[in-house]
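*Asks:* Questions regarding the structure given below will be posed in turn.
Structure follows, in structure tokens:
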């Protein structure tokens, strides 16, 4: 829980860092508006009163923008519809534009330039007549602030979604590790106990060393959940070596991989449930010799992985109903790839075959 809260805080912080700085843009925008308005007054013969008017209007509109800030935050917090929010922003912008324009006209009046504003009533009329310019500026300000906040919210949702997917993938991988390890440890430790009881200490020591290497590679977290096919096959070989010591001549295993597929990336522990199913439900229950083969090859920009064991089709049809490993493999492929193919069938000649086809991606 604390880790998830820390991740959410980091996500919020990263989005805040990406947001455009408020104060520099706020000050620069209104200063630019005031300068442009002032430059527009220079051609007048009596420019000074007009400059006073635009100065007062700009300062008032700058302060009015904070009212717009409160309005926009209130509208977003209450989740107003687009039409309602636009209507509210337009109405508020015009009202604040009238007030800002009146403030400019009042500054003229207070400075004694009655040529433009002869009395307070005239100042009010001038404010109403000239409210369009500051109102348009406030509408633009509200649109910019609204779009900035909307962009920030979208970015936050995207990062939270990515974080959720990453957390789900990590949790799935941990669950898979915990699923594999107890059953495998139980069988392996029983095998070691049997070897010790039979006095075969050399095989027991070898099995302990293989178990340590396998657990180390299994429990170490993989970067971004993906590993090279070559590394995944190394782990599969460690698992099969342990089972080979336990099962002896009852299991004949072979692994092949072409050069083009060795550097391809696959989800960590993708093959482990398939290999364990083949051994656990196929070869181990039978007292006859069982064959297990794993083939990885590339074809037309895809990686094709085939796992075959010589389990009888009818026997596997019963086992497949409880195929948690197969369901987990399909779910992981569906979450990881847009285009993939996965099929597990007991219709293979004399046994069972699982085939995975995923895009060939290298690191």
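Residue numbers (my numbering): 15 to 377. Each residue gets a CB set at the ideal place from its N, CA and C atoms; glycine is no exception. Just so it is clear, the structure is predicted and the values come from calculations on it, not from any experiment.
1. Which residue wins for smallest C-alpha separation from residue 42, given the options 352, 367, 63, 73?
2. Taking Cβ positions only, does residue 209 come closer than 8 Å to chain C?
3. Which runs of the beta strand (DSSP E) fall wholly inside the region 222 to 296 and span at least 3 residues, in chain order?
4. By the DSSP assignment, the alpha helix (DSSP H) with residue 119 in it spans what residues?
5. When DSSP builds the beta bridges, which residues end up paired with residue 355?
6. Tell me which same chain residues have a C-beta within less than 7 Å of the C-beta of residue 375, skipping the five on either side of it?
7. Are the CB atoms of residue 68 and residue 51 within a distance shorter than 8 Å?
8. Mapping DSSP to helix, strand and coil, what is residue 316?
9. Pull up the DSSP beta-bridge partners for residue 205, would you.
10. By Cβ distance below 6 Å, which residues in the same chain neighbour residue 369 in space, the five residues on each side in sequence not counted?
11. Do three or more CB pairs link the region 293 to 305 to the region 251 to 264 at distances below 8 Å?
12. Does the beta-carbon distance from residue 145 to residue 120 come in below 8 Å?
13. Determine the direct distance from the alpha carbon of residue 228 to that of residue 218, and round the result to whole angstroms.
14. Determine whether the beta carbon atoms of residue 269 and residue 247 lie at a separation below 8 Å.
15. State the Cα-Cα distance for the pair residue 367 and residue 311, rounded to the nearest angstrom.
16. Quick check on DSSP: helix, strand or coil for residue 212?
17. Is it right to say residue 62 is buried, meaning 16 or more other beta carbons lie within 10 angstroms of its own, or is it exposed?
*Replies:* In short, the structure shows the following:
1. Your numbering for residue 42 matches position 28 in the chain shown. Shortest Cα-Cα distance from residue 42 to any of 352, 367, 63, 73 involves 73.
2. Here there is only one protein chain, and chain C is not present.
3. Along the region 222 to 296, the beta strand (DSSP E) occurs as fully enclosed runs of 3 or more residues at 240 to 242, 265 to 271, 279 to 281, listed in sequence order.
4. Counted from its first residue, the chain shown places residue 119 at position 105. Segment 96 to 124, the alpha helix (DSSP H) holding residue 119.
5. The residue labelled residue 355 in the question sits at position 341 within the chain shown. Partner(s): 371.
6. Start at 1 with the first residue of the chain shown, and residue 375 comes out as number 361. In the same chain as residue 375, and ignoring 5 residues on each side of it, the C-beta atoms closer than 7 Å to its own belong to 278, 279, in chain order.
7. In the chain shown, residue 51 corresponds to position 37, counting from 1. In the chain shown, residue 68 corresponds to position 54, counting from 1. Contact flag set, yes.
8. By 1-based counting over the chain shown, the position of residue 316 is 302. Residue 316: strand per DSSP, three-state reduction.
9. Reading the chain shown from its first residue, position 191 is the one you call residue 205. Its beta-bridge partners do not exist; DSSP assigns none.
10. Locating residue 369 in the chain shown gives position 355, counting from the first residue. Result list for residue 369: 320, 357, in chain order.
11. Yes: at least three Cβ pairs fall under 8 Å.
12. Residue numbering aside, residue 145 sits at position 131 when the chain shown is read from its first letter. Residue numbering aside, residue 120 sits at position 106 when the chain shown is read from its first letter. The beta carbons of residue 145 and residue 120 sit no closer together than 8 Å.
13. As a first step, residue 218 is located in the chain shown; it is residue number 204 there, counting from the start. As a first step, residue 228 is located in the chain shown; it is residue number 214 there, counting from the start. Here the alpha carbons of residue 228 and residue 218 stand approximately 15 Å from one another.
14. Along the chain shown, read from residue 1 onward, the residue named residue 269 stands at position 255. Along the chain shown, read from residue 1 onward, the residue named residue 247 stands at position 233. Yes; because the gap between Cβ atoms is below 8 Å, this pair is in contact.
15. In the chain shown, the residue the question calls residue 367 occupies position 353. In the chain shown, the residue the question calls residue 311 occupies position 297. Rounded to the nearest angstrom, the two C-alpha atoms are 16 Å apart.
16. Translated into positions along the chain shown, residue 212 becomes position 198. Residue 212 falls in the coil class under three-state DSSP.
17. As a position in the chain shown, residue 62 is number 48, starting the count at 1. Burial call: exposed.
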